[in-house]
Amino acid sequence: MLGGNAQGKTNLLEAVATLATAQPPFARKDAEVVRFGAKDAIIRSSLRRGGYPLRADLCFRTQGRRAAQIDGVPCRRMVDWLGKVTVVLFSRADLDLIQGSPQGRRQMLDRIIRQMAPLFHDEEARWSRLLVQRNALIRHILTGAATASQLEAWDEPFAVAAAAVSRRRAALVRSLAPRAERWLEVLSGGCEALGIGYKPGIPGGDESMSIEGPEFVASVLEALGKSRAQDLARGHATVGPHRDDWLARLDGRDAAGFASTGQRRSIVLALKLAERDLLREAVGEPPLLLLDDVLAELDPSRQEALLEAIGDGVQTFVTSTHLSDLHGAWRARADICQVAPGHIARPSVT
């Protein structure tokens, strides 16, 4: 899809990406996806899953809750929606994954897990509620409205919910890592070696910590006890999945500190290809691949390597401001459309 800046190319990809999790990837609030002056925004889609046609519709409102339908039937719970559409989105914002905040890296993991295991939505929501409630209790303790001993009653449910979330994330990283490492080797022509590791959000935890079985719950409980004074001093929980992170190493060194801009871009691309592979294995069909104005950042050799990696079995949406940004092989295999405010058309391109 070709078009100048601010013509709506990213909006189109955002609409497609939103079908995967019912959460817009670039908006903090539902109201932000609604056109100024309008009351709602609707995404209507027709697709095929398992060889059968499927209609998926989403409505976002400036006020009130979003609404979703599958083949005209309202979805009462998020798990009824999740898993129907799988998407891998690669945008320029993803280039901050390596050097950016841990929150962005956690959000990346959670978006993938929701598509692979819809029940994770409920697990993460349960954990989030407990975190909010425990933090509220800590604030009450600080004002004298509650006592520190009351925190103990929250420790076990907090630890169990935390373990459920962190286990999912750790399992994903362990599955993602070897695939991403293999893809970076392909993209770099064997010149670069990638390592991906998971770091649980408990004091003293590292990527080698076991998170299986009751031992991990016990570790969280122990960490909660040790951090109680610090929690009260800071006014919030300092132990839990909200402190989880994953790390990328390039040739054995921390990629955040040593990788060049081009190397970080290749690492993220390798992660996206690994995500594509995992989603395909999980649901039995390849996800939609969305590349938002990123090909111009790749030299011709890496563009060609990416095209070969994608293959012919993946429906891919690519946006760019200029046709010259795309290597010749991409242009030869593309169905080119021109994007302008309010419409999409096929231009006369030679």
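For what it's worth, numbering that gives the first Met the number 0 labels the leading residue of the sequence shown as 0, then goes sequentially. Every residue gets a Cβ at the ideal spot worked out from N, C-alpha and C, and that includes glycine. Note that this is a predicted model, so its numbers are computed, not measured.
Contact check for PHE157 and LEU129: beta-carbon distance about 5 Å, within the 8 Å limit, so the pair qualifies.
Judged by DSSP in its simplified three-state form, TRP245 adopts strand. Taking C-alpha positions only, ALA176 is separated from ILE266 by approximately 11 Å.
Per DSSP, ALA176 is one residue of the alpha helix (DSSP H) stretching across 151-186. Annotation: the segment 7-84 contains the following complete segments of the alpha helix (DSSP H) (minimum length 4 residues), in chain order: 8-20. Per DSSP, HIS139 is one residue of the alpha helix (DSSP H) stretching across 119-142.
DSSP places ALA228 within a helical segment (H, G or I) once states are collapsed to three. By the C-beta density criterion, CYS190 is exposed, having fewer than 16 other C-beta atoms within 10 angstroms. In the DSSP assignment, GLY283 falls outside any beta strand (DSSP E), carrying neither H nor E. Separation of GLY194 and GLN302 (C-alpha to C-alpha, rounded to the nearest whole angstrom) is 23 Å. A residue is called buried once 16 or more other Cβ atoms fall within 10 Å of its Cβ, and HIS120 is buried on that count. ASP29 counts as buried, since at least 16 other C-beta atoms from the protein chains shown sit within 10 angstroms of its C-beta. Note on geometry: alpha-carbon atoms of GLU13 and ALA160 lie some 31 Å from one another.
Rounded to the nearest angstrom, the gap between the Cα atoms of ASN10 and GLU31 is 12 Å.
With a beta-carbon spacing of about 5 Å, ALA269 and ALA179 fall inside the 8 Å limit used to define contacts. Its chain contains no residue whose beta carbon lies nearer than 8 Å to that of ALA232 once the 5 sequence neighbours on both sides are disregarded. Between ARG263 and LEU94 a beta carbon distance of about 6 Å is seen, short of the 8 Å cut, so the two are scored as contacting.
With distances taken between CA atoms, GLN98 lies nearest to GLY261 out of GLY261, ASN134, ASP70, VAL164. PHE89 has LEU290 as its beta-bridge partners, per DSSP. Here ASP253 is bridged, per DSSP, to ARG248.
Per the coordinates, the alpha-carbon of ALA55 lies some 13 Å from the alpha-carbon of ALA16. As computed with DSSP, SER319 is found in a beta bridge with LEU1. Here THR146 is exposed. Its C-beta has fewer than 16 other C-beta atoms within 10 Å. Inclusion of LEU118 and VAL78 in the CB contact set at 8 Å is warranted, their separation being smaller than that value. Taking the Cα positions, PRO73 is about 25 Å away from GLY283.
PHE316 sits close to LEU287, with the two beta carbons spaced by under 8 Å. ALA67 sits close to ALA21, with the two beta carbons spaced by under 8 Å. SER319 is positioned such that its CB atom lies closer than 8 Å to that of ASP292. Taking a contact as a CB-CB distance under 8 Å, the pair HIS326 and PRO285 does not count as one, their CB atoms being some 22 Å apart. The DSSP-derived three-state label of LEU325 is coil.
Non-local beta-carbon contacts of ILE41 in its own chain, meaning distances under 6 Å to residues more than five positions away in sequence, involve CYS58 in chain order. Within the DSSP bridge table, the entry for HIS342 names ALA339 as partners.
When the Cα atoms are used, THR85 and GLU151 turn out to be separated by approximately 40 Å. Per the DSSP secondary-structure output, GLY194 pairs in a beta bridge with ARG248.
GLN149 is positioned such that its CB atom lies closer than 8 Å to that of LEU136.
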